[in-house]
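Colleague: Residues 9 to 544, numbered by our numbering, are exactly what the sequence shown covers, in order. Pasting a structure below so you can have a look.
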Amino acid sequence: MAISSAMKKKKEKEEYWKRKELVFLVLYAIAFYAFIIHRSLQLSLDHEPELYALRPGWLLPPRLNDASDAQWRNFRANLPILTLVFSLFALLANSLRALFALKAKGMSFVWLLLSLAYLSYLHGACILFILSIASLNFLLVKMFARTKYFSPVLWLFNIFFLLCNRVYEGYSFSIFGQQLAYLDNYRGTFRWHICFNFVILRMISFGYDYHWAHQDPLFDQQKHIQRCHTCKSGKTCYRLLQERSVQKDKFSFSIYIAYLVYAPVYIAGPIISFNAFVSQLDTPQNNYTVKDISWYGLRWLISFSLMELMTHLFRYNAFAISRLWKLLSPMDIFIIGYGVLNFMWLKFSLIWRYFRFWSLICGVEAPENMPRCINNCCNLESFWKNWHASYNKWLVRYMYIPLGGYQRKLLNIWVIFTFVAIWHDLEWKLLSWAWLTCLFFIPEMVVKSAASTLQVESALGEFLLREISAAGGAITITSLMVANLVGYVIGPSGINWLFSQFLSRQGLPVMGGMFITFYVGTKLMFHIDEAMQRKH
9 MAISSAMKKK KEKEEYWKRK ELVFLVLYAI AFYAFIIHRS LQLSLDHEPE
59 LYALRPGWLL PPRLNDASDA QWRNFRANLP ILTLVFSLFA LLANSLRALF
109 ALKAKGMSFV WLLLSLAYLS YLHGACILFI LSIASLNFLL VKMFARTKYF
159 SPVLWLFNIF FLLCNRVYEG YSFSIFGQQL AYLDNYRGTF RWHICFNFVI
209 LRMISFGYDY HWAHQDPLFD QQKHIQRCHT CKSGKTCYRL LQERSVQKDK
259 FSFSIYIAYL VYAPVYIAGP IISFNAFVSQ LDTPQNNYTV KDISWYGLRW
309 LISFSLMELM THLFRYNAFA ISRLWKLLSP MDIFIIGYGV LNFMWLKFSL
359 IWRYFRFWSL ICGVEAPENM PRCINNCCNL ESFWKNWHAS YNKWLVRYMY
409 IPLGGYQRKL LNIWVIFTFV AIWHDLEWKL LSWAWLTCLF FIPEMVVKSA
459 ASTLQVESAL GEFLLREISA AGGAITITSL MVANLVGYVI GPSGINWLFS
509 QFLSRQGLPV MGGMFITFYV GTKLMFHIDE AMQRKH
């Protein structure tokens, strides 16, 4: 009894100090964001005349809107027509499914017709390039799926077209003969080879899912159902949809093309595996009710409002593209860099969630691409699992595991991140970003491997481990900022300049403040994770 009482008092004391710590962390975070917002507003007002691509906004009193990011500008401008198109598509597809009790084959024809009409508007005559390459891939998969040459053939074919599409900027019809040159006048409104990067991922997914359908399954469905909370409740989780092989007759040409050009996720994702897509053509997703989807849409509107406030009040991206940040102090460079990364996270989150919302309405669940906020990831592994998460799932299933998985992790990350960089675009700064990320990954993997063997029993040991982990998290977040700024803002040529700024007499105190802030942020993340664990 005495031991039990002592343990109880010890636990109460720990909880008391954790609550005190949490209060301090929250107060620090509030002060940090108050300072960031105040300084961002001041910078935006002071440098407004020197910034590019500012357009009249709607906010009162009248303020200019930062429309410097082409991707966000185009998405925002096309929202009304996209919403109208997807509303009609959802109404037609769901009505036909309900009226005629359509399954995979019937729904594939419905989505094939709707999606091809959509692509004809987007790409015009260039839809011929998409269908031709896709047809060749289908033939190669069917020919080599049961042979030992399957993987090299599939990868060589797809990487060849990934590179050629970029080098030749989507090709000109005239190179195939002057009699076809007139088709260059009907290239649609959107460059087909930009969207085709996603089609390549789907072609590889189809290939491997067909290849594995002819092998003995490694996935233990019964064991998964016993362990998965979603599946135990009578629903079907995305992982089960992805890992469970479908019947071989589902690997038909019509279903394959419907999968490649499925309209709701065609432009930007999220990425769905072939198995998961086909399963949901047969039986619409049941994880999200009408209420859940409505709440998801409302959350999207709230996030969109936040983005509107950000682009009207702050000029983060305009600072980045105007190169004006080079004239700022180290503190202001940090604020702009931090702001750019948050802008990018919110932009991608809005784009991906918009298309995922329409896919859910149409009965097909796609993975959530941004399940966690960028400010709630304190290690590289967590960050990449939660940034473009559907792509991460794709990379794990179709690259990481076939390359040898955990046993060759140190080698695998170099191959995977190089592919990720090339998949995004043929630019040196993206390759620099990829290789910097790999360099930062190595010490994290070594430390995690060493930490997994440690057995901490004393209170002092737990305290020291927590403090070391928080310090490691601060270093990781700094590394992530550097890698992403190199990849998306300053490029490899700006690395030396960036370090010279922050290692100067004026920059060192800023570096110290950054480290303390990220240390505090990491500890706050620990508290959030612990609260989530208690909840579940």
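No residue lacks a Cβ here, since even glycine has one placed at the ideal position from N, Cα and C.
List the DSSP bridge partners of Asp74.
Modeller: Leu62
Colleague: Restricting to runs no shorter than 4 residues, where is the alpha helix (DSSP H) found entirely within the segment 410-468?
Modeller: 417-432, 436-460
Colleague: Classify Gln514 as helix, strand or coil using the three-state DSSP reduction.
Modeller: coil
Colleague: Which word fits His396, buried or exposed, when buried means at least 16 other C-beta atoms lie within 10 angstroms of its C-beta?
Modeller: His396 should be labelled buried.
Colleague: Excluding the 5 residues flanking Tyr246 on each side, which residues of the same chain have their C-beta closer than 7 Å to its C-beta?
Modeller: If we look at Tyr246 and ignore the five residues flanking it on each side, its Cβ neighbours are Ala284, Glu373, Pro375.
Colleague: Would DSSP call His55 helix, strand or coil?
Modeller: helix
Colleague: Nearest CA to the CA of Phe351: which residue from Tyr267, Leu107, Val454, Arg81?
Modeller: A check of alpha carbon separations from Phe351 across Tyr267, Leu107, Val454, Arg81 identifies Arg81 as the nearest.
Colleague: Taking a contact to mean a Cβ-Cβ separation below 8 Å, would you say Ser48 touches Phe322 in this structure?
Modeller: yes
Colleague: Can you have a look at Pro160 and say buried or exposed, based on whether 16 or more other CB atoms are within 10 angstroms of its CB?
Modeller: It counts as exposed.
Colleague: Are at least three pairs of beta-carbons, each pair with one atom in the segment 227-235 and one in the segment 150-166, less than 8 Å apart?
Modeller: no
Colleague: Going by beta carbon distance, what residues of the same chain come within less than 7 Å of Leu332, once the five residues before and after it are set aside?
Modeller: His55, Glu58, Leu59
Colleague: With a CB to CB cut of under 8 Å and the five nearest residues on each side skipped, what residues in its chain are close to Arg174?
Modeller: His201, Asp433, Leu434
Colleague: Short check: CB of Leu403 to CB of Gly495, under 8 Å?
Modeller: no
Colleague: Between the segment 519-538 and the segment 30-49, do three or more beta carbon pairs fall short of 8 Å?
Modeller: yes
Colleague: On the CB-based measure, 16 or more other CB atoms within 10 Å of its CB, does Val34 come out buried or exposed?
Modeller: Exposed, because fewer than 16 other Cβ atoms sit within 10 Å of the Cβ of Val34.
Colleague: Roughly how far, in whole angstroms, is the beta-carbon of Phe342 from the beta-carbon of Tyr267, given that I think they are within contact range, below 8 Å?
Modeller: Not really, about 44 Å apart at Cβ, beyond 8 Å.
Colleague: Alpha carbon to alpha carbon, what distance is there between Ser440 and Ile430?
Modeller: 11 Å
Colleague: Restricting to runs no shorter than 3 residues, where is the beta strand (DSSP E) found entirely within the segment 179-255?
Modeller: none
Colleague: So, helix, strand or coil for Gln293, using DSSP?
Modeller: coil
Colleague: Considering just the uninterrupted stretch of the alpha helix (DSSP H) at Phe165, what are its terminal residues?
Modeller: 158-175
Colleague: Are the CB atoms of Ser568 and Arg405 nearer to each other than 8 Å?
Modeller: Since the displayed the chain opens at 9 and closes at 544, residue 568 lies outside it and no answer follows.
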